[in-house]
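Number of protein chains: 2
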Amino acid sequence: MNLDVMKKLSYGLFVLTARDGQKDNGCIINTAVQVASEPNTISISVNKANYTHDMILKTGQFNVSILSEQAKFDTFSHFGFQSGRDVDKFAEVSISRAENGIAIIHTDQTNGYLSGKVIQAIDLGSHTLFIATIEDGDVWDDTPSATYAYYFSNIKPKPEPKKRKGWICTICGYIYEGEVLPDDFICPVCKHPASDFRPL
Amino acid sequence: MNLDVMKKLSYGLFVLTARDGQKDNGCIINTAVQVASEPNTISISVNKANYTHDMILKTGQFNVSILSEQAKFDTFSHFGFQSGRDVDKFAEVSISRAENGIAIIHTDQTNGYLSGKVIQAIDLGSHTLFIATIEDGDVWDDTPSATYAYYFSNIKPKPEPKKRKGWICTICGYIYEGEVLPDDFICPVCKHPASDFRPL
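Respectively, the protein sequence lines represent chains D and C.
Heads up: the first sequence at position 102 corresponds to 102 in full-length UniProt numbering, and the numbers run straight through without jumps.
Heads up: the second sequence at position 32 corresponds to 32 in full-length UniProt numbering, and the numbers run straight through without jumps.
Structural data, given as structure tokens:
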């Protein structure tokens with residue numbers, strides 16, 4: 001089995017929000033899909049390690065804000081790379097709320113939202129699959145939804161290309177790696193002297 | 001509630017195949033997603049009207065062939081727009097089979113496949129949600145997977161722009177709709193005669 005095939009499945013990207021008492025929280029998920037049309041039903045799969053997971057298991061309600069191609073990396077790191085157990089993710093975010101009272105991310109980085117009411121929670125080991133009927137929802141933007149593939153090619157910052165330190169022979173292109181080029185260095189390829197090298 | 005929000009969810013596209021005895025069948029689905037990592041689990045939602053649905057419900061096994069951006073509209077119409085109850089969809093297709101004996105579409109229109117073994121079948125009204133562990137799978141192509149959005153913008157044929165029959169005034173652009181332009185016609189806008197019109 002070649003497990004790389006799992007990366008060939010396509011996904012959207014979403015901020016999943018829940019509210020337990022006065023506590024708001026949210027995380028990033030990629031697994032909101034419509035699973036039935038009659039009645040209108042979606043499923044979301046949520047890692048059990050997420051605080052939002054426990055809130056949904058307890059309250060049976062959530063919102064899904066749909067990230068668009070305008071979404072910024074900061075939004076992913078804010079909701080995805082820290083836990084609501086440690087920080088209040090909504091402390092410095094102006095909150096909009098759907099009719100169910102749960103926060104939604106209503107900005108130029110999202111194109112709509114859905115409110116779900118859980119009808120089944122299925123324990124799948126690392127994750128719980130929540131199946132939910134749609135209680136509410138809206139569209140506010142025509143920007144295409146961000147896919148997981150789009151995130152990787154256009155939103156996630158690329159690692160800086162590693163800068164090699166060294167000297168290049170201007171005659172043949174040979175590269176000497178190192179801070180200092182010895183004065184008596186001779187290019188091993190074209191036999192030109194150190195004076196024909198320039199720093200990279 | 002604005003139901004258009006359902007169209008903002010992102011999906012891949014897949015040929016879902018099953019085998020019951022000597023009978024092979026397949027249909028198009030858009031709902032294969034990984035729902036747990038430990039154990040490696042996917043879910044697929046299948047409309048109950050599909051013959052493939054009944055075969056999976058009976059046999060508990062299926063394959064998902066992942067359609068890539070090279071997929072042709074013919075493949076969608078072959079597997080998606082006719083029923084295996086009426087035609088043998090594999091009669092004129094050269095079949096590859098995965099280890100589970102079920103057909104896969106191994107062509108330049110797909111980039112990999114997964115074999116699933118159903119662990120739960122959840123009745124959701126119009127659809128059944130099958131939850132399955134991954135038994136096998138492979139990748140054979142680097143072509144990006146086709147998303148539902150990509151299908152609509154790049155694979156599905158655009159309707160031909162409706163051709164208007166008529167005559168255009170070469171002076172002012174007025175259009176007379178009809179097969180035959182009367183000889184004594186006078187453009188109602190710029191008052192030029194029929195001789196200044198040409199067919200559209």
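Beta carbons: idealized from backbone N, C-alpha and C, even for Gly.
Around the beta-carbon of D:Ile104, 16 or more other beta-carbon atoms lie within 10 Å, marking it buried. Against chain D, the beta carbon of C:Glu38 has neighbours under 7 Å at Gly125 and Ser126, listed in chain order.
At least 9 Å separates the beta-carbon of D:Ala146 from that of C:Ser43. From the listed residues C:Cys190, C:Met1 and C:Val33, the smallest Cα separation to C:Cys172 is found for C:Cys190. Taking the beta carbon of C:Thr147 as reference, the chain D residues within 7 Å of it are Ser10 and Thr147, listed in sequence order. Between the C-alpha atoms of C:Val118 and C:Ile56 there is a straight-line separation of about 8 Å. Of all residues in the region 13-28 of chain D, none has a C-beta nearer than 7 Å to a C-beta of chain C.
Assigned with DSSP and collapsed to three states, C:His78 falls in helix. Restricting attention to C:Asn154, C:Leu124 and C:Asn63, the CA atom closest to the CA of C:Gly116 is found in C:Asn63.
By the Cβ rule, the region 119-134 of chain C does not count as touching the region 149-165 of chain C, because fewer than three pairs are nearer than 8 Å.
At least one CB of chain D lies nearer than 9 Å to the CB of C:Ala32.
Within chain D, the residues whose beta carbon sits less than 7 Å from that of C:Gly112 are Val5 and Lys8, listed in sequence order. DSSP, read as helix, strand or coil, puts D:Ser153 in helix. Between the alpha carbons of D:Asn47 and D:Thr41 lies a gap of roughly 20 Å. Among the CB atoms of chain D, one or more fall inside 9 Å of the CB of C:Pro144. For D:Arg85, no pairing in a beta bridge is given by DSSP. With contacts defined by Cβ atoms closer than 9 Å, C:Gln120 and D:Ile122 form a contacting pair. Counting only runs of at least 4 residues, the region 2-90 of chain C fully encloses the following alpha helix (DSSP H) elements, listed from N- to C-terminal order: 51-59 and 73-80. For C:Gly26, the CB contacts under 7 Å within the same chain, skipping 5 residues up- and downstream, are Val15, Leu16, Thr17, Thr52, Phe79, Lys89 and Ala103 in chain order. With 16 or more other Cβ atoms from the protein chains shown falling within 10 Å of its own Cβ, D:Asp24 counts as buried. Identification of residues in the region 54-65 of chain D having a C-beta nearer than 8 Å to some C-beta of chain C yields an empty set.
The three-state reading of DSSP puts C:Asp136 in strand, counting E and B together. C:Ala121: member of the beta strand (DSSP E) spanning Thr110 to Asp123, first to last residue.
Within the DSSP secondary-structure output, C:Glu177 pairs in a beta bridge with C:Gly166.
Its Cα nearest to that of D:Cys187, the residue D:Cys169 stands out among D:Leu114, D:Glu179, D:Leu200 and D:Cys169. By the beta-carbon neighbour count (other beta carbons within 10 angstroms, threshold 16), C:Ser195 is exposed.
Around C:Asp136, the beta-carbon contacts reaching into chain D at under 8 Å are Met1. In terms of beta-carbon proximity, C:Thr52 stays away from the interface with chain D, with every pair separated by 9 Å or more.
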